[in-house]
Structures are given as structure tokens and as C-alpha cells.
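Structure first, then comments.
Number of protein chains: 2
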Amino acid sequence: MKALSHPARLRIVDQLASGERCLCELQPLFEQDKSTLSRHISALRQVGIVSERREGARIYLRLATPCILQIFDCLNGVLQAEAKRTAQWLEPEMVE
Amino acid sequence: MKALSHPARLRIVDQLASGERCLCELQPLFEQDKSTLSRHISALRQVGIVSERREGARIYLRLATPCILQIFDCLNGVLQAEAKRTAQWLEPEMVE
DNA sequence: GCGCAATGTAGCATTATTGCACAACAATGC
DNA sequence: GCATTGTTGTGCAATAATGCTACATTGCGC
Numbered sequence: 001m002k003a004l005s006h007p008a009r010l011r012i013v014d015q016l017a018s019g020e021r022c023l024c025e026l027q028p029l030f031e032q033d034k035s036t037l038s039r040h041i042s043a044l045r046q047v048g049i050v051s052e053r054r055e056g057a058r059i060y061l062r063l064a065t066p067c068i069l070q071i072f073d074c075l076n077g078v079l080q081a082e083a084k085r086t087a088q089w090l091e092p093e094m095v096e
Numbered sequence: 101m102k103a104l105s106h107p108a109r110l111r112i113v114d115q116l117a118s119g120e121r122c123l124c125e126l127q128p129l130f131e132q133d134k135s136t137l138s139r140h141i142s143a144l145r146q147v148g149i150v151s152e153r154r155e156g157a158r159i160y161l162r163l164a165t166p167c168i169l170q171i172f173d174c175l176n177g178v179l180q181a182e183a184k185r186t187a188q189w190l191e192p193e194m195v196e
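For the protein sequence lines, the chains are A and B, in the order given.
Residues in the first sequence are numbered from 1 upward in steps of one, following my numbering.
Residues in the second sequence are numbered from 101 upward in steps of one, following my numbering.
In C-alpha cells, the structure reads:
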């Protein structure tokens, strides 16, 4: 869970959701230093969320357990419920 | 996700999985200070994972979005895959 | 083989975040 | 008043994140 508790790592997982990615493809998406990204990925690998495949100098990453994506669905549910709650604060008259 | 990234908070969610709990029921399960538990729960409430129901001096908590439990299932999957990997390191000859 | 760019990783110092206990405070019920 | 139940404020210790630099490995041109 800790491994998923960082925005950058969630973005990485999100990228991998649509398929295998090379680390070098991910780099441009993050403004941060290479080493930082490397560390995030290392964290995900260490807990078994992503697995790798080396191909020459490049490393291709993919999700080791696709069920991770279910977590995203659930997350959406929580966020939407949350948004609804907030809307109720702002405009109580809209609640029926 | 950050809200779920702490063992204590996972334990809280786990407790709530089996139904509503009073905060005072939770306290004995944790050795830590009341204030610490209070803050953990506050964190979970803030992101909409748990919701509360006050009854007199007591506060009853429950999971706001049951799909959280799916995350636990997924977690188990990851952990088991991880365990298998580790076993392979230790005893490669056991792999067939 | 040799130099060199590209791709990743590891070590380090700095900074930001988190977790914790202790104490003080608020609210409820007797 | 007083015990019970929670929350909030504060200071401190532990952890995590980041950028920088230096280093390893691969692939390519010569």
C-alpha cells in the first residue's frame, strides 16, 4: 500500500495499465530527475506490483497483477462519493 | 491511497470490514495513544473511506465504500505472488 | 578493441512529510 | 462534579522524497 501512496507511482501504474512500457518512455512524462523515477519504479518492483523484462539496454515494465486496476475503479467510487458530499456542502438546496 | 498506506489504518479498515465499530471498541486493539488512533481515523474519514454515526458520547464507524475490501483481495494476490517468487529464490530446485 | 552516447542505478546531503506521545480541551452522561 | 469518550496543539523523532553526482551496462560507429 505504501508503494501506491505516492502520486508519481500511481501515474506509473496508470501508464502501465494500457500495456508494457519502457522506462525511457516514462521519463518524458515526469519532470523529475531520472533517479527519482528509477526509485519509484524500484519501489513498485520490490513489492511485486510491476515486473520487468530487460531487452538490451532497455527495461520494459508491466503490471505483475492486473487486479491493481480494480483498485483504481474503487478509487473512482470513493472520489465520486466524496465529490457528491462536497457538492452537498456547497449547495445544500440541491439535495433532494 | 495515502490514507491506506499505514498498517494501523489498514487494521482499522479490516476491523470495519465485519461491521460497524465504536471507536472505543477499536482503542483496546491498538497499543498506541488515543490521540494517534483518533488521527488515523480522522485521516480515513477525510478521504471518505469511513463514515461515522454519533450516538451520544460514542461514535460508530463504518466503511463508506465497501469496495475497499476488494483492495484487500488484490493485496492478497500480490502478496502470494510475491511469496512464490521469494520461495523460488530460496529453493530453485522446487520450481518445475 | 576503443571511445562515446544512452539508459539505469546507487550514494549522499537536504528538505518535507508523517507518526507519535503527552497534555490540554470539548462534549456527553451519570 | 466527575468519569468516559474523542479531538486538537505542540514538539520531537523517524521516514520518505528529491536532486545532484558518480558509476555500471548496453549498443553503436569507427
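For every residue, glycine included, the Cβ atom is placed at its ideal position computed from N, Cα and C.
On a predicted model such as this, the values are computed, not experimentally measured, just so you know.
Local conformation of residue i per DSSP, three classes
{"i": "Cys124 (chain B)", "result": "helix"}
{"i": "Glu82 (chain A)", "result": "helix"}
{"i": "Ile59 (chain A)", "result": "strand"}
{"i": "Lys2 (chain A)", "result": "helix"}
C-alpha gap between residue i and residue j, whole angstroms
{"i": "Ala108 (chain B)", "j": "Phe130 (chain B)", "result": "8 Å"}
{"i": "Met101 (chain B)", "j": "Arg21 (chain A)", "result": "23 Å"}
{"i": "Gln46 (chain A)", "j": "Gly156 (chain B)", "result": "46 Å"}
{"i": "Gln170 (chain B)", "j": "Ile49 (chain A)", "result": "16 Å"}
{"i": "Gln132 (chain B)", "j": "Tyr60 (chain A)", "result": "43 Å"}
{"i": "Arg85 (chain A)", "j": "Thr186 (chain B)", "result": "44 Å"}
{"i": "Leu4 (chain A)", "j": "Ser105 (chain B)", "result": "8 Å"}
{"i": "Arg158 (chain B)", "j": "Ala17 (chain A)", "result": "43 Å"}
{"i": "Gln80 (chain A)", "j": "Arg139 (chain B)", "result": "24 Å"}
{"i": "Arg53 (chain A)", "j": "Pro28 (chain A)", "result": "20 Å"}
{"i": "Gly119 (chain B)", "j": "Cys24 (chain A)", "result": "46 Å"}
{"i": "Leu62 (chain A)", "j": "Glu182 (chain B)", "result": "With the sequence shown as reference, residue 62 (chain A) is identified as Arg, and Leu is not the correct amino acid for it. Looking at the two C-alpha atoms, the distance is approximately 15 Å."}
{"i": "Lys134 (chain B)", "j": "Asp14 (chain A)", "result": "37 Å"}
{"i": "Asn76 (chain A)", "j": "Gln188 (chain B)", "result": "36 Å"}
{"i": "Phe172 (chain B)", "j": "Leu90 (chain A)", "result": "33 Å"}
{"i": "Ile12 (chain A)", "j": "Ile41 (chain A)", "result": "8 Å"}
{"i": "Val78 (chain A)", "j": "Val178 (chain B)", "result": "22 Å"}
Opening and closing residue of the alpha helix (DSSP H) in which residue i lies
{"i": "Ile141 (chain B)", "result": "134-146"}
{"i": "Pro217 (chain B)", "result": "Absent from the model: residue 217 (chain B). The displayed extent of chain B is 101 to 196, so no value can be given."}
Anticipated Cβ contact below 8 Å, residue i with residue j, distance rounded
{"i": "Ala164 (chain B)", "j": "Ser151 (chain B)", "result": "4 Å"}
{"i": "Leu26 (chain A)", "j": "Leu37 (chain A)", "result": "6 Å"}
{"i": "Ile168 (chain B)", "j": "Cys74 (chain A)", "result": "6 Å"}
Output, in sequence order along the chain, the residues in the segment 49-66 of chain A whose CB is closer than 8 Å to any CB in chain B. Ile49, Ala64, Thr65
Could you list the residues in the segment 9-39 of chain A with a C-beta less than 7 Å from some C-beta on chain B, going in chain order? Leu10
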